[in-house]
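Student:
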């Protein structure tokens, strides 16, 4: 057996009541999918329905059929000599087995309009006449209306709601075969025709095939089909693989609301300058879709409120100067205020969010590269620097630094992580810290986590302003951290950083501690 959208839709067009033995040829052979009820059927009800008659309408057509077939009942009704009572008394034919009569007791003045017309095909039998007499008595108490004819009609209901498995809905079997090419159309059909079991199969297939390169496409579909669980999984995937997801071909095809839903998240694992670059790519594609020239003004126009979700204050001044400041998308006033934010203290207010994005999961980790602490390390404006690499992807959130040997003291400090090959500053912070005069290390944190890739060389840099401090000695070239819960090992390798480094090396110096998340 097989299940696909075509078979599914064909099966849905078969009226379940038509499969019953002795079904009337006068009834419709398939569901009308253009109506508003479940699966295109009429609105569910367990009562008779009304069919207003007019000149040339359904009642007239039914009466004409009765006359042409010679099957009209010669007995007269209580009011107009035949109309309503004649239809009620119509007898079942070979193709129309007897049906349960519609009770008319307690009917109000509107009851006559709650029945529809059906042609009779033979003369009345005695048993039918008996039941018709009761119906006629009830009808006679109602206001007469020559435009209304009382007939029987079988109750209409949502038959799928009573079925618990896919097999019971004429879908041939519970074994569903779904592929990448058919899953979205199948999900659409399952949603449209209210088949939750098939819908669940489609969503499960999408979950199993969710990847960074299709996360944005599936997120758009999940929002379209109102699948919050799938949407949540897509967002989590984007958080973990933000750079790959932004680089995927389908990213520029998302709608503005989906783009904003991602940009407002605090858990994206990518540098803010890369988010800006991705937003610009999306704006270029959106301008083309709107048949606009990709000018800076039009890019800003199509981005709308999404531009305010880019956290420009989290960039380094070098990143901002090389990219957003020259893009033409920001106004001159915005560019000036951001440059002031980067360069002066206290920092002026800016119109953009400066809250760090926290893409970190699990527990904070740290390694110490010295096994002994000594006294008196001086500072004259030169940076302490050490080169390092790791064996797996991590996020560095800060350094541990030594403090004063003269008791409690405040230091001003600038910390950086620099990509060695390109000399690009990946993360920095101008801040300060207070020490208590002990040989302990004191935490100095970055504005946001800095992604460190495996087997890539980086330089840890710290420029301190303050009195002489403690320093580390008997340094280790390789330091390994093992996660207690999983046993995962993160191995740091330290090397001498060429150039002016204030004397810090593998063996001696500052920057004794690296604080990170895996």
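Residue numbers (the UniProt record's numbering): 1 to 518.
For glycine and all other residues, C-beta sits at the position ideal for the given N, C-alpha and C.
As the structure is a computational prediction, the values presented were derived from the model and not from experiment.
1) Are the beta-carbon atoms of residue 233 and residue 207 separated by less than 8 Å?
2) In three-state DSSP terms, what is residue 351?
3) Use the C-beta contact count for residue 125: other C-beta atoms within 10 angstroms, 16 or more gives buried, fewer gives exposed.
4) I'd like the span of the alpha helix (DSSP H) that includes residue 202, first residue to last.
5) When burial is assigned at 16 or more other CB atoms within 10 Å of the CB, is residue 351 buried or exposed?
6) In terms of DSSP beta bridges, what is residue 401 paired with?
7) Tell me the DSSP secondary structure of residue 367 in three-state form.
8) Got a sec? Which residues, its chain only, sit under 6 Å from residue 289 by beta carbon, not counting five neighbours each side?
9) Around the C-beta of residue 424, are 16 or more other C-beta atoms found within 10 angstroms, so that it is buried, or is it exposed?
10) Could you check what DSSP says for residue 102 in three-state terms: helix, strand or coil?
11) Could you name the residues of the same chain whose beta carbon sits closer than 6 Å to that of residue 273, not counting the 5 residues immediately before and after it, in chain order?
12) Tell me the DSSP bridge mates of residue 437?
13) Can you tell me whether DSSP reads residue 515 as helix, strand or coil?
14) Excluding five sequence neighbours on each side, which residues of the same chain lie with their C-beta closer than 6 Å to the C-beta of residue 302?
15) Within this structure, are the beta carbons of residue 339 and residue 515 separated by less than 8 Å?
16) Relative to the C-alpha of residue 467, which candidate in 217, 410, 476, 496 has its C-alpha closest?
17) Note down the Cα distance separating residue 396 from residue 358, rounded to an integer number of angstroms.
18) Is it buried or exposed, residue 264, if we count other Cβ atoms within 10 angstroms and call 16 or more buried?
19) Bridge partners for residue 479 per DSSP, in chain order?
20) Would you please state the rounded distance, in angstroms, between the beta carbons of residue 427 and residue 417? I believe it to be under 8 Å.
Tutor: The relevant details are as follows:
1) yes
2) In this structure, residue 351 counts as coil in the three-state DSSP scheme.
3) For residue 125, the pLDDT reaches just 41, beneath the cut-off of 50, and the residue's location in the model is therefore unreliable, although a value from the coordinates is still provided. Burial call: exposed.
4) 196-208
5) Residue burial annotation: residue 351 is exposed, with fewer than 16 other C-beta atoms found within 10 angstroms of its C-beta.
6) 442
7) Residue 367 falls in the strand class under three-state DSSP.
8) None.
9) Result: exposed.
10) Note that residue 102 scores 38 on pLDDT, short of 50, meaning its location in the model is unreliable; the coordinates nonetheless yield the value given after this. Three-state result, residue 102: coil.
11) 315, 319, 323
12) Residue 437 pairs with nothing; no bridge assigned.
13) Residue state, collapsed to three classes: strand.
14) 283, 286, 287
15) no
16) Considering only alpha carbons, the answer is 410.
17) Each residue's Cα considered, the two are about 12 Å apart.
18) exposed
19) 492
20) 5 Å
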